[in-house]
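Chemist:
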Amino acid sequence: MVSAGDFRNGMTVQIDGNVMQIIEFQHVKPGKGAAFVRTKMKNIISGGVVEKTFRPTEKFENAIIEKKKMQYLYNDGMFYVFMDPESFEQTSLSIDEVGDAMKFVKENFECTLISFQGKVFSVEPPLFVELEVTETEPGLAGNTAQGASKPCTLETGAVVQVPLFVNIGDVLQIDTRTGEYLKRV
Numbered sequence: 000m001v002s003a004g005d006f007r008n009g010m011t012v013q014i015d016g017n018v019m020q021i022i023e024f025q026h027v028k029p030g031k032g033a034a035f036v037r038t039k040m041k042n043i044i045s046g047g048v049v050e051k052t053f054r055p056t057e058k059f060e061n062a063i064i065e066k067k068k069m070q071y072l073y074n075d076g077m078f079y080v081f082m083d084p085e086s087f088e089q090t091s092l093s094i095d096e097v098g099d100a101m102k103f104v105k106e107n108f109e110c111t112l113i114s115f116q117g118k119v120f121s122v123e124p125p126l127f128v129e130l131e132v133t134e135t136e137p138g139l140a141g142n143t144a145q146g147a148s149k150p151c152t153l154e155t156g157a158v159v160q161v162p163l164f165v166n167i168g169d170v171l172q173i174d175t176r177t178g179e180y181l182k183r184v
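Right, dumping it as structure tokens:
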């Protein structure tokens, strides 16, 4: 149990059946009346952000979030299959559970599965991936006055904006958090 007066940034607690992560907190002691704690919290399962105030003595249950490195094996059309590299145990997640997290991930990449009480609610891909260009238009010479870019399709099917000099067959480094092209490898 943790009291609202002991809140810290990044801490996760259970509030009204939801798992909330403290983004910001502020202890407020007005000139008149009792002190309170103003917080900005993110529901880590749904992603919603709310602001709430609590009395410093209110108590909440700690929420223990587990992160486990898993190897992505394959997608069978309905499920993404991951394997624990230590125990070789496999975990299947539906396309709805994974969401957009897998658009830059190909087979054998290592991902982090995030769970609460054994239920996986999020998949974190590697921060940077190297993927081959499978489709793009040729860039026109002399068309670079404004740092022009063009769309390109990667081997996973994801589409990103790249500079005009990128060609089919090039291997690019991509930041999976933003989906931005970083460099040609």
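Numbered per my numbering, the sequence shown spans residues 0 to 184. Ideal Cβ placement from N, Cα and C applies to all residues, glycine included.
1) Span of the alpha helix (DSSP H) holding Gln83?
2) Could you give the distance in angstroms between the alpha-carbon of Thr133 and the alpha-carbon of Pro150?
3) Decide if the region 57–73 is in contact with the region 107–123; the criterion is three or more beta carbon pairs, one per stretch, under 8 Å apart.
4) Whose C-alpha, out of Phe127, Pro162, Gly30, is nearest the C-alpha of Gly178?
5) Alpha carbons only, please: which of Pro137, Leu153, Glu154 is nearest the one belonging to Ala147?
6) Does any CB atom of chain B fall closer than 8 Å to the CB of Thr177?
7) Just checking, does the region 5–19 make contact with the region 39–57 on the three C-beta pairs under 8 Å criterion?
8) Suppose you measure from the CA of Glu106 to the CA of Phe81; what does that come to, to the nearest Å?
9) Alpha carbon to alpha carbon, how far is Thr90 from Phe120? Give it in angstroms, no decimals.
10) To the nearest angstrom, how far is it from the Cα of Glu85 to the Cα of Asn74?
11) What residue does the alpha helix (DSSP H) around Asp95 start on, and which one ends it?
12) When you compare the CB positions of Glu60 and Ser2, do they come within less than 8 Å of one another, or not?
13) By the three-class DSSP mapping on this structure, what secondary structure does Met19 have?
Modeler: Quick answer:
1) The sequence position of residue 83 within the sequence shown is 84, counting from 1. Here residue 83 is Asp; the residue named in the question, Gln, does not match the sequence. First-last for Asp83: undefined, no H or E at that position.
2) Mapped onto the sequence shown, residue 133 falls at position 134. Mapped onto the sequence shown, residue 150 falls at position 151. Rounded to the nearest angstrom, the two C-alpha atoms are 11 Å apart.
3) In short, these stretches touch, since the Cβ pair count reaches three.
4) The residue given as residue 178 occupies position 179 in the sequence shown. Checked all of Phe127, Pro162, Gly30; the closest Cα to Gly178 is Phe127.
5) Position 148 of the sequence shown, counted from the start, is the residue given in the question as residue 147. Ranking the options by Cα distance to Ala147, first place goes to Pro137.
6) Protein chain content of the structure displayed is limited to a single chain, and chain B is not contained in it.
7) Three or more Cβ pairs closer than 8 Å define a contact, and the region 5–19 meets that threshold against the region 39–57.
8) Walking along the sequence shown from the start, residue 106 turns up at place 107. Walking along the sequence shown from the start, residue 81 turns up at place 82. Roughly 10 Å between the two C-alpha positions.
9) Locating residue 120 in the sequence shown gives position 121, counting from the first residue. Locating residue 90 in the sequence shown gives position 91, counting from the first residue. Pairing Phe120 with Thr90, the inter-Cα distance amounts to about 13 Å.
10) Position 86 of the sequence shown, counted from the first residue, corresponds to residue 85. Position 75 of the sequence shown, counted from the first residue, corresponds to residue 74. Approximately 21 Å, taken between the alpha carbons.
11) The residue given as residue 95 occupies position 96 in the sequence shown. 94–97 is the extent of the alpha helix (DSSP H) around Asp95.
12) For the purposes of this step, residue 60 is taken as the residue at position 61 of the sequence shown. For the purposes of this step, residue 2 is taken as the residue at position 3 of the sequence shown. Going by beta carbons, Glu60 and Ser2 fall outside the 8 Å limit.
13) By 1-based counting over the sequence shown, the position of residue 19 is 20. Residue state, collapsed to three classes: strand.
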